[in-house]
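In the UniProt record's numbering, the protein residues as written are 1 to 527. Don't be surprised by glycine CBs; every beta carbon is placed ideally from N, CA and C.
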Amino acid sequence: MEIERPDIYDDWSNLTKDVLLTIDQILQQITTDHRIPPLEAVPTLLAATFQPSPDLVVRILEPPGLSPNTVQVAYLATIVDPQLVDQDVLAPLMGTTTTPDQWDRSPITRAPVKRLPTWHAVLDHLAEGWTVLFAPGIDWAWGIDTTKYPSRNVGRPQTELAVRGPDDAFTELLTTQMGQLRQRFHDAALTFHPITLGRYQRTQVVVAFLRGLTNPALVDQMIQRLKAVTIDGRANATVIAGLIRDHPRSIFPTLRSTERVDLATQSLLEGKVVVLVDGDPFVLIAPAPLADFYRTAMDYAGAWYDISFVRLIRLLGWVMGIYLPALYISLTEVNTNLLPPALLILTAGDHAGLPFPPLVEALLMVLVIEVLREAALRLPKALSTTIGTVGAIVVGTAVVKAGLVSPQMIVVITLTALSFYSVPVYELTGTWRIVNAVMLLAGALLGLYGIIWVTMVVVGLLTELSSFGVPYFVPFAPFRANDWRDLFIRQPWNGLRRRLTTARPRSSRPMGSPQTVPPAHLKKGRN
């Protein structure tokens, strides 16, 4: 059934609260016709659009230098700078003699002035924090950027701590994030490509890259994937990463998130793409193969020999975290013939009077460790350290004295839990915990054959994954000799002659090289 509608543009002066039932029809026709409503209808339409919104401010001014001199100013008080509005918009407006159609050529303010030709553009800019001017004699509105979002000061990273090197973290404000990168790149090659995501909660996303260094195919692929995202809201970095990564259902993260500015800077220098998300202090880095998750910002701020030793410790921690419980269960329950007799007698003696088999003991202790970890995360910082330490000691001592778990199992699970935290990136810790659980069950059922089988399956899955077209298991598969120089051993700076091939940068010139031309005083000495 089609409802007849009167011509809503006939008499705008009669548009009062009595006809607010037709507001939706009015707004629909305005959007369809791409028109700015007459001046007298603006306050009512704005109030109906944003109702109830106590932060909507509509002011009617009468500048003495204009004829006719009625100008309406609209803005949302919660996301604008009130001082900027008063001093740079309202005060100049009251003293201007320039006709409204010339306000972009003879600006009335020092802030950027933009023409808004449609009502839809007016609403979008109001929601972004702009101040909109409606003046007589023109069929468009003027927008002035007066945005000022609530923000916090630049702080230290909370999840990626470092002993040495820069120690500033990204904030939630997008403009501040861009400024933090600009502070480190005094070059026009740093490029920002803005994209808006979300239907209701419009989130600004910026793709940052170094023009001339980053592969254009990588940039285009990232932009196309972001533009294909359809979402109503909740567009934080984690949600966006789950929507644009290559394998959304994989337990292995193929996009790296970081809150460290120096790590994002290093990634840009390697030819990668960094995605900044408004409202989220974590940025996304692509591509991100598995080896990148074991490189930290501190790796490039310390001595090469010390960092190389730390990387070997990380590798050892990964081996212990994945294989130690499974090997213990398989060697004490399934493949007992592989243990020395003395060690087998010692282990069997400790389990002789216990009510549960080693597998149940391991699962019980893993559950206790996870509960303590969650409790430490949820409690206030002043209590989390104490509760975590005291809880681990008390529970560990109590379960041994109660005869529920053997002392060897306490040692194995404790070393496993500590080894997991040697992973530099927190989001990869959950992945390895899942692999550890599968490895533990396979070792209890099939012994060493189960451990070998799960290892082969994991390696096969890693070789099939990719991160924006880059093999996830590089430089292992495919083998790339150049990338091994920054894998387990971090070479000295004069040994890192070329960039990593991960992101396929357009330039592979040396990232750092020794001084090849001797200084002038040495030249004189040679003569």
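query	result
Kindly indicate which three-state DSSP category L21 falls into: helix, strand or coil?	Reliability of the predicted coordinates at L21 is poor, the pLDDT of 43 falling under 50, and no value is obtained from them.
Considering only residues of the same chain and omitting the five flanking positions on each side of L21, which have a CB-CB separation below 7 Å?	Summary for L21: the model assigns pLDDT 43, below 50, so the residue's position carries little reliability; its value from the coordinates is reported in the next sentence. Closer than 7 Å at Cβ, skipping near neighbours: no residue.
Who are F134's beta bridge partners in DSSP?	Q72
Please name the residue in T191, T97, D278 whose C-alpha comes closest to that of E128.	D278
What number of angstroms, rounded off, separates the C-alpha of I36 from the C-alpha of A291?	55 Å
Run through DSSP, which three-state label would S106 get?	coil
In terms of DSSP beta bridges, what is K114 paired with?	G143
Which first and last residues belong to the beta strand (DSSP E) in which V283 is found?	283–286
Is it right to say V371 is buried, meaning 16 or more other beta carbons lie within 10 angstroms of its own, or is it exposed?	exposed
Hey, would you say L327 sits closer than 8 Å to A288, going by beta carbons?	no
Roughly how many angstroms lie between the CA atoms of F479 and R211, to the nearest whole one?	28 Å
With distances taken Cα to Cα, identify the nearest neighbour of I329 among L448, P281, Y421.	L448
Assuming the contact rule is C-beta atoms closer than 8 Å, V80 and T146 should be a hit. Round their C-beta distance to whole Å, please.	5 Å
Kindly indicate which residue of L354, A375, R378, R311 has the alpha-carbon position closest to the one of I489.	R311
Under the DSSP definition of a beta bridge, which residues are partnered with P194?	V206
Would you report the Cα separation of F170 and L284, rounded to the nearest angstrom?	12 Å
Which residue spans inside the region 297–358 form an unbroken alpha helix (DSSP H) run of at least 4?	304–329, 341–350
Should L61 and L93 be called a contact, given that it needs their Cβ atoms to be closer than 8 Å?	yes
Return yes when the Cβ of A162 is within less than 8 Å of the Cβ of L181, no when it is not.	no
At 4 residues or longer, and completely inside the region 45–71: list those alpha helix (DSSP H) runs for me, N to C.	none
Is L276 helix, strand or coil when you go by DSSP?	strand
From the DSSP secondary-structure annotation, give me the bridge partner or partners of S466.	P471
Mind checking whether G443 and I451 have CB atoms under 8 Å apart?	yes
So which of F282, D299, A121, G403 has the shortest CA-CA distance to Q491?	D299
Output the residue ranges of the beta strand (DSSP E) runs that lie fully inside the region 232–264 and measure 3 residues or longer, sorted by chain position.	256–258
Have a look at V395 and E374 and give me their C-alpha separation to the nearest angstrom.	15 Å
Rank R314, Q83, N215, D88 by C-alpha distance to the C-alpha of V273 and give the top, closest one.	N215
In the DSSP output, which residue or residues are listed as bridge partners for D486?	R490
To the nearest angstrom, how far is it from the Cα of E172 to the Cα of P357?	50 Å
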